Amino acid sequence: MRSIRPNSVLLLLILIAQAIGLAPPAHAEVTGEASVNPRLVRIGVPFEIILEIHADEEISISSPSFPEPDGVRLSRNRINDHTEMSVQGGQTQLLYTAIAEYQPVEPGTYEIGPFRIRYTTATGHNRELQFEPVTVEIYGDAPRPASTIIPGHMPWWWRYFVIALLVAMLAGLIAAWIALRRRQPRKAAPVPFLPFGKSPEQVALEEIKALPVPDAGDEPAVKIYYDQIDDILRRYITIRYDVQTQDLTTYEIRLEFHSKQRFDSRVKGLFVLLNDCDWVKFAKTRPDNAQITGFMDRIADVLMGVKASEIEGNQVSSNLKDLNES
Amino acid sequence: MPDAPQMPPPSGKISKEIEALSKECESYQPVIQSVFDEVKRILVGQDDMLLKLIIGLLCRGHILLEGVPGLAKTLTIKALGTAIGADYSRVQFTPDLLPADIIGTRIYNPQTTEFSIRLGPIFANLVLADEINRAPAKVQSALLEAMQEKQVTIGDRAFKLPDPFLVMATQNPIETEGTYPLPEAQLDRFMMKVKVTYPWRNEESLIIDRITSGKKIELKAAIDTPKVIEMQRVVDKIYVDENIKKYVLDIVFATRNPKEFGLDIDYLIEYGASPRASIYLVMTAKAFAFLNGRGFVTPDDIKAVVMDVLRHRILLTYEAEAEEVTSEDLIQKILGTIYVP
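Right under this line is the structure:
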């Protein structure tokens with residue numbers, strides 16, 4: 079629709095057209111429409127009822143009657159004379175507007191109207207125009223019902239924002255749950271058990287003596303035997319010297335002793351035993367019967383030697399102390 | 004020579020087979036030492052890289068080197084090539100490289116109206132694939148396929164690659180823009196991924212002296228390629244006990260099912276190491292034992308090579324990356340848990 083400002087030339091043309099018989103119908107055509115803005119309103123915030131009057135000729139409008147139902151109060155009203163002029167289908171249309179400002183007083187839904195206005199046509203006829211009532215919803219200080227929040231009052235992106243927020247919260251909960259599940263305390267490495275009143279040397283020797291001595295001809299049994307002795311010696315080192323041996327090679331255990339400056343001649347004897355075990359375990363070395371029995375004696379010599387030196391030096395590892403005290 | 008643990012002889016009798024094998028390995032010690040000495044005439048530091056290259060050579064495997072530019076990668080392979088009397092070639096990988104630029108192509112001769120075959124730079128004993136991640140996947144695939152098959156097909160003819168054959172590929176860890184990272188399946192083909200680090204301060208001081216003195220160091224061949232092949236055959240014979248195999252399998256399986264080994268790291272590992280990891284762990288440990296003049300493998304040999312063999316075979320999860328956990332951290336954790344035989 080194209081709007082133009084009214085001007086005197088156009089009005090003159092219309093009058094000429096009427097004079098020569100090309101004029102529109104004898105009585106003016108006037109229509110109207112009522113609207114409310116906003117439809118949903120909070121107490122204390124004013125709202126407007128707008129009556130729009132379309133006429134195909136100039137009319138004169140008298141003050142309309144605006145009803146004042148309970149719950150709302152009429153503040154003021156005003157009329158705008160043909161504020162706008164347009165041409166529709168070759169016909170000139172003039173627009174008049176009557177606006178009333180209301181103050182909401184009580185919450186509720188109110189139907190205001192119908193509205194009536196009186197107008198006088200250019201030919202001097204007095205007529206009346208009726209408008210349909212309008213509905214306005216007034217709410218108090220309490221939060222609005224969710225259904226009334228949604229339409230028309232929030233920006234377009236709010237739905238996506240709420241969904242993203244919910245997804246983020248859900249992801250956060252899942253992440254926290256996973257993190258908690260994985261932060262469970264790890265199992266501590268088992269500390270070898272030391273019976274009360276026995277030295278680590280005695281325990282190690284008793285364990286070794288309890289092993290069935292294999293025949294040299296039974297090669298798999300010999301290998302298992304040396305494997306078990308190796309395990310016992312490593313456990314013994316853990317208790318006596320407080321060196322964790324399970325994940326270390328013989329060479330790495332030796333480095334541990336060097337770093338602790340505890341690699342003396344007696345400890346060296348222990349490493350000769352571990353070295354012999356390694357040769358059986360990894361290098362197909364198969365000792366004869368005399369070597370197997372001799373190995374037992376060498377273990378006893380080394381362990382008793384270590385024990386004697388430990389008693390002399392009163393060097394018992396903290397690990398052993400703890401175990402004995404408990 | 005590697006600074007590796009020495010294993011004193013046992014109190015009892017050594018197995019004859021192992022004794023003979025160890026003696027054979029010991030007999031090659033001076034040979035290996037001469038190669039080391041020759042390369043070290045020009046190369047300062049980078050002993051670990053040189054050691055891993057020799058291990059790769061002895062195991063017929065290929066090495067992926069990761070390190071910033073200027074760490075003597077090219078110099079090392081060139082010097083090693085000269086020291087073992089082998090051919091050497093270098094290919095700079097670029098985005099416009101084509102497979103034919105590496106493996107070779109057929110060229111039409113208008114005078115004879117026939118096609119002749121021109122072999123690519125891959126036909127050398129030692130090939131340096133510089134910045135392999137700068138070339139597109141088709142070129143990488145062409146190289147890696149040749150590495151695996153040890154032969155190349157051009158037109159309708161198959162050509163065997165020379166023996167010994169070692170590819171040393173490099174990639175730069177800092178410039179990743181515009182690169183084509185090697186897929187895991189391709190990375191798996193490399194026997195070891197070695198991280199090349201900066202030289203020590205005293206080493207760098209020596210490098211300055213050598214380079215700025217203007218003296219040209221001419222290297223000569225300490226051995227020849229048949230000797231390398233001979234050593235490869237000895238390495239194959241090195242004894243690996245069941246205990247060692249079990250240890251290797253425990254390590255590799257711990258990367259796949261950490262929970263079975265009491266490790267709480269399964270959420271950090273997307274995929275564990277492939278069976279190639281077990282194979283290469285044993286092969287490289289054999290070569291390490293050989294270099295130490297031993298005819299059998301010990302857990303120390305496994306520990307010496309495990310990091311280089313496994314680091315590119317463990318695929319980390321997003322959580323591991325978020326927690327800045329590296330595959331090296333995980334390998335260390337696994338080694339700290341698995342019982343050493």
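From first to last, the protein sequence lines stand for chains A and B. Using this note's numbering, the first residue of the first sequence is number 79, and each one after it goes up by one. Using this note's numbering, the first residue of the second sequence is number 4, and each one after it goes up by one. Glycine included, every Cβ here is placed at the ideal spot set by N, Cα and C. Values in this document were obtained by computation on a predicted structure and should not be read as measured data.
Burial state of residue i, where buried means 16 or more other Cβ atoms lie within 10 Å
i, result
"Phe193 of chain B", "buried"
"Tyr201 of chain B", "exposed"
"Met247 of chain A", "exposed"
"Arg316 of chain B", "buried"
"His65 of chain B", "buried"
"Arg313 of chain A", "buried"
"Met79 of chain A", "Its pLDDT being 39, under 50, Met79 of chain A is placed unreliably in this model, and the coordinates cannot settle the point."
"Val114 of chain A", "buried"
"Lys19 of chain B", "exposed"
"Pro72 of chain B", "exposed"
"Asn128 of chain B", "buried"
"Tyr321 of chain B", "exposed"
"Ile214 of chain B", "exposed"
Neighbourhood of residue i by C-beta distance below 6 Å, restricted to the same chain and skipping five residues each side
i, result
"Leu326 of chain A", "none"
"Ala292 of chain B", "Ile241, Val300, Asp304"
"Val328 of chain B", "Leu271"
"Gly107 of chain B", "Arg121, Leu122, Gly123, Ile157"
Residue nearest to residue i in terms of C-alpha spacing, selected from the options
i, options, result
"Leu164 of chain B", "B:Lys223, B:Leu122, B:Ile21", "B:Leu122"
"Ala257 of chain A", "B:Arg236, B:Ala149, B:Asp267", "B:Asp267"
"Val281 of chain A", "A:Ile195, A:Met382, A:Gly372", "A:Met382"
"Pro124 of chain A", "A:Glu146, A:Ser138, A:Pro142, A:Ser153", "A:Ser153"
"Leu101 of chain B", "B:Thr79, B:Val142, B:Leu61", "B:Val142"
"Lys16 of chain B", "A:Thr170, A:Ile377, A:Phe239, A:Asp366", "A:Asp366"
"Ala280 of chain B", "B:Arg213, B:Ala257, B:Leu83, B:Thr97", "B:Ala257"
"Glu215 of chain A", "A:Val380, A:Thr187, A:Asn353", "A:Thr187"
"Glu285 of chain A", "A:Tyr180, A:Lys359, A:Trp234, A:Leu311", "A:Leu311"
"Ile131 of chain A", "A:Gln169, A:Thr175, A:Glu107", "A:Thr175"
"Thr213 of chain A", "A:Ile127, A:Arg376, A:Leu333, A:Leu348", "A:Ile127"
"Val345 of chain A", "A:Ser337, A:Arg332, A:Asp356", "A:Arg332"
"Tyr183 of chain B", "B:Val199, B:Leu53, B:Thr97", "B:Thr97"
Which of helix, strand or coil DSSP assigns to residue i
i, result
"Tyr197 of chain A", "strand"
"Glu69 of chain B", "strand"
"Ile337 of chain B", "helix"
"Gln174 of chain B", "strand"
"Arg313 of chain A", "helix"
"Ala133 of chain A", "strand"
"Gln366 of chain A", "At residue 366 of chain A the sequence reads Asp, which differs from the Gln that was named. Coil."
"Asp133 of chain B", "strand"
"Met195 of chain B", "strand"
"Gly186 of chain A", "strand"
"Lys16 of chain B", "coil"
"Thr323 of chain A", "coil"
"Tyr183 of chain B", "coil"
"Val123 of chain A", "coil"
"Ser144 of chain B", "helix"
"Tyr31 of chain B", "coil"
"Gln49 of chain B", "coil"
"Glu215 of chain A", "strand"
"Gly217 of chain B", "coil"
"Gln114 of chain B", "coil"
"Leu318 of chain B", "strand"
N- and C-terminal bounds of the alpha helix (DSSP H) containing residue i
i, result
"Ala361 of chain A", "Where Ala361 of chain A is concerned, there is no enclosing alpha helix (DSSP H), given that its DSSP letter is neither H nor E."
"Gln154 of chain B", "Gln154 of chain B -> not in any alpha helix (DSSP H); beta strand (DSSP E) instead, spanning 154-157."
"Pro278 of chain A", "278-288"
"Thr77 of chain B", "76-86"
Residues near residue i by beta carbon distance below 8 Å, same chain, minus five either side
i, result
"Asn112 of chain B", "Phe118, Ser119"
"Pro302 of chain B", "Ile247, Tyr250, Val343, Pro344"
"Thr227 of chain B", "With the sequence shown as reference, residue 227 of chain B is identified as Asp, and Thr is not the correct amino acid for it. Correct list, in chain order: Ile87, Gly88."
Contacts around residue i, its chain only, beta-carbon distance under 7 Å, and the 5 residues preceding and following it disregarded
i, result
"Pro198 of chain A", "Residue identity check: residue 198 of chain A is Thr in the sequence provided, not Pro. Same-chain partners within the cutoff: Ile137, Ser138, Asn204."
"Gln306 of chain A", "Leu289"
"Gly296 of chain B", "Ser25, Cys28, Glu29, Gln32"
"Glu220 of chain B", "It is Ile, not Glu, that sits at residue 220 of chain B in the sequence shown. So the qualifying residues of the chain are Arg44, Ile45."
"Ile21 of chain B", "Tyr242, Gly298, Phe299"
"Trp203 of chain B", "Gly48"
Residue range of the beta strand (DSSP E) that includes residue i
i, result
"Ile137 of chain A", "137-139"
"Gln181 of chain A", "169-182"
"Gln95 of chain B", "91-95"
"Val114 of chain A", "108-115"
"Ser119 of chain B", "117-122"
"Lys163 of chain B", "160-163"
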